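**Q**
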Amino acid sequence: MAIPGKLNIFLAVLAYVVAIFFLWLASHSPMVILLCSAIGFSFIANTIFSLLHESVHGIFHKDLTKNNLFGCISAAFFPTGFTFQKICHLGHHRRNRTDAEMFDYYYSHDNKFIKFYRLYGLLTGFYWLVIPMGCLLYLFFKNFYKNKFFKAKIIKPLGFEPMVNDFIEYPEEKIRLEIVFTIIFQISLFHVLDISILGWLTCYIAFAINWCALQYTDHAWSKRDIKNGAWNLKINKTIQYVFLNYHLHLAHHQNPKVSWLHLPNFVDFSLNRPSFWKIYLSLWKGPKLTSEPPPGEMDAALERQLFE
3 MAIPGKLNIF LAVLAYVVAI FFLWLASHSP MVILLCSAIG FSFIANTIFS LLHESVHGIF
63 HKDLTKNNLF GCISAAFFPT GFTFQKICHL GHHRRNRTDA EMFDYYYSHD NKFIKFYRLY
123 GLLTGFYWLV IPMGCLLYLF FKNFYKNKFF KAKIIKPLGF EPMVNDFIEY PEEKIRLEIV
183 FTIIFQISLF HVLDISILGW LTCYIAFAIN WCALQYTDHA WSKRDIKNGA WNLKINKTIQ
243 YVFLNYHLHL AHHQNPKVSW LHLPNFVDFS LNRPSFWKIY LSLWKGPKLT SEPPPGEMDA
303 ALERQLFE
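Residue numbers (the numbering used here): 3 to 310.
(1) By Cβ distance, which residues of its chain are closer than 7 Å to Ala40, with the 5 residues on each side in sequence left out?
(2) Taking three-plus beta-carbon pairs below 8 Å as touching, is the stretch 80-88 in contact with the stretch 174-185?
(3) Evaluate contact between the stretch 219-230 and the stretch 56-66, counting only Cβ atoms and requiring at least three cross-stretch pairs below 8 Å.
(4) Decide if Pro295 is buried, meaning its Cβ has at least 16 other Cβ atoms within 10 Å, or exposed.
(5) Assign Ser44 to one of three DSSP states: helix, strand, or coil.
(6) Just confirm the distance between the C-beta atoms of Thr219 and Tyr282, as a whole number of angstroms; I'd bet it's less than 8 Å.
(7) Between Glu163 and the rest of its own chain, which residues show a CB-CB distance below 7 Å, the 5 nearest in sequence each way excluded?
(8) Run the CB neighbour count on Gly298, radius 10 Å, all protein chains shown included, and call it buried at 16 or more, exposed below.
(9) In three-state terms, what does DSSP make of Ser277?
(10) Can you give the Cα-Cα distance for Asn247 and His264, rounded to whole angstroms?
(11) What's the call for Leu291, buried or exposed, on a 16-neighbour Cβ count within 10 Å?
(12) Could you check what DSSP says for Lys64 in three-state terms: helix, strand or coil?
(13) So is Asn212 buried or exposed if we call it buried at 16+ other beta carbons inside 10 Å?
(14) Here's a check: name, in chain order, each residue in its chain whose Cβ is nearer than 8 Å to the Cβ of Ile311, leaving out the five neighbours to either side.
(15) Please state whether the Cβ-Cβ distance between Asn69 and Ser52 is less than 8 Å.
(16) Considering Cα atoms alone, identify which of Thr67, Asp106, Met3 is closest to Ser284.
(17) Consult DSSP for Lys148 and reduce its assignment to one of helix, strand or coil.
(18) Between which residues of its own chain and Ala253 is the CB-CB distance below 7 Å, once the five residues before and five after are set aside?
(19) Can you tell me whether Leu246 is helix, strand or coil according to DSSP?
(20) Note down the Cα distance separating Asn10 from Pro81, rounded to an integer number of angstroms.
(21) Tell me the rounded alpha-carbon separation between Phe143 and His249.
(22) Have a look at Trp262, Lys225, Lys239 and flag the residue whose alpha-carbon is nearest the alpha-carbon of Asn98.
(23) Taking only three categories from DSSP, how would you classify Lys114?
(24) Per DSSP, Asn234 forms a beta bridge with which residues?
(25) Name, in chain order, the residues that DSSP records as bridge partners for Tyr107.
(26) Tell me whether Ile156 sits in a helix, a strand or coil according to DSSP, three-state version.
(27) Taking Phe278 as the reference, which of Asn113, His221, Ile50 has the closest Cα?
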């Protein structure tokens, strides 16, 4: 299906302008307006993330240069590096519902404290913080990604070891340059718009919580299957459009090269779909004990589709 390149560019520019407006408003307003601006920013920043997600899959624009350019700008709003995010997200597709990405269940031999920490860290927005922190760590302390003690004692218990190992396959200088671009972009926002630390933090904390709320709700309690372990969630239509159909996540995992615009064509809306709120609230009860084995490896056809 055709990639809506012109529409995506229009939505991206519009979302960038609105996000910048909310950051400015939050920095130059009394507390009530600051909080309202932060809530508004948390939603429009998810629109930008959804467009970043399109760029990561190469379906933001058929022109690769435009696809990657807008991917870099969208990543700068997160903030993360474009290739950094691409490594993390494509790794997620490769490991979906495996033990490395099992936040909702735990085995009897698992460390329960770590399992509960991972899930509640995700629900409270900490998972978002890991990404910009990971970018800074990669930029200034790259050897930590190769350090055996660091990987064994910190990265592995937190479940990020497979993701960290993926970085070995990608060009280091490109990743670093994109992270530097993101840093310059964020610093420029502060100087040009006179953004306050309080305004910025309030907006991004709101975004972190909003973003993290969806990042596992669309997978929790689904079957442990790499391709089919996700949901097409039922949510308010306006919210679904703001998130550019990101809630139709099963359709995306089954068809990762299909644009957000066409995902509804791959969903049977006559079937009963789980409610976003029902699954999200159930996660606050904590992970559940399971003895279900992990899924098998990703089939070759899907892997080719992801990485071609």
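Glycine included, C-beta positions come from ideal geometry on N, C-alpha and C. Quick caveat, the model's predicted, so the values are computed rather than measured.
**A** For this structure:
(1) Taken in chain order, the residues that qualify are Ala28, Thr204, Cys205, Ala208.
(2) Touching, per the Cβ criterion.
(3) With the cut-off at 8 Å, the stretch 219-230 and the stretch 56-66 do not touch.
(4) Around the C-beta of Pro295, fewer than 16 other C-beta atoms lie within 10 Å, and the residue is accordingly described as exposed.
(5) The answer is helix: DSSP assigns Ser44 an H, G or I state.
(6) Correct: roughly 5 Å between the Cβ atoms.
(7) Residues of the same chain with a CB within less than 7 Å of the CB of Glu163, apart from the 5 flanking positions on each side, are Lys153, Ile157 in chain order.
(8) With fewer than 16 other Cβ atoms within 10 Å, it is exposed.
(9) Here Ser277 sits in strand by DSSP.
(10) Looking at the two C-alpha atoms, the distance is approximately 9 Å.
(11) Sixteen is the threshold: since fewer than 16 other Cβ atoms of the shown chains lie within 10 Å of the Cβ of Leu291, the residue is exposed.
(12) Residue state for Lys64 is assigned as coil, using DSSP reduced to three classes.
(13) By the beta-carbon neighbour count (other beta carbons within 10 angstroms, threshold 16), Asn212 is buried.
(14) With the chain running from 3 to 310 in the structure shown, residue 311 is simply not present.
(15) Contact annotation: Asn69 and Ser52 have beta-carbon atoms that are not nearer than 8 Å.
(16) Nearest C-alpha to Ser284: Asp106.
(17) Coil.
(18) So the list reads Asn234, Leu265, Phe268, Val269, once near-sequence residues are dropped.
(19) In this structure, Leu246 counts as coil in the three-state DSSP scheme.
(20) Those two C-alpha atoms are separated by around 20 Å.
(21) Cα-Cα distance, rounded: 36 Å.
(22) Comparing C-alpha distances from Asn98 to each of Trp262, Lys225, Lys239 shows the shortest one belongs to Lys225.
(23) Lys114 falls in the helix class under three-state DSSP.
(24) The partner list for Asn234 (beta bridge, DSSP) reads Leu250.
(25) In DSSP, Tyr107 forms a bridge with Lys290.
(26) It is helical.
(27) A check of alpha carbon separations from Phe278 across Asn113, His221, Ile50 identifies His221 as the nearest.
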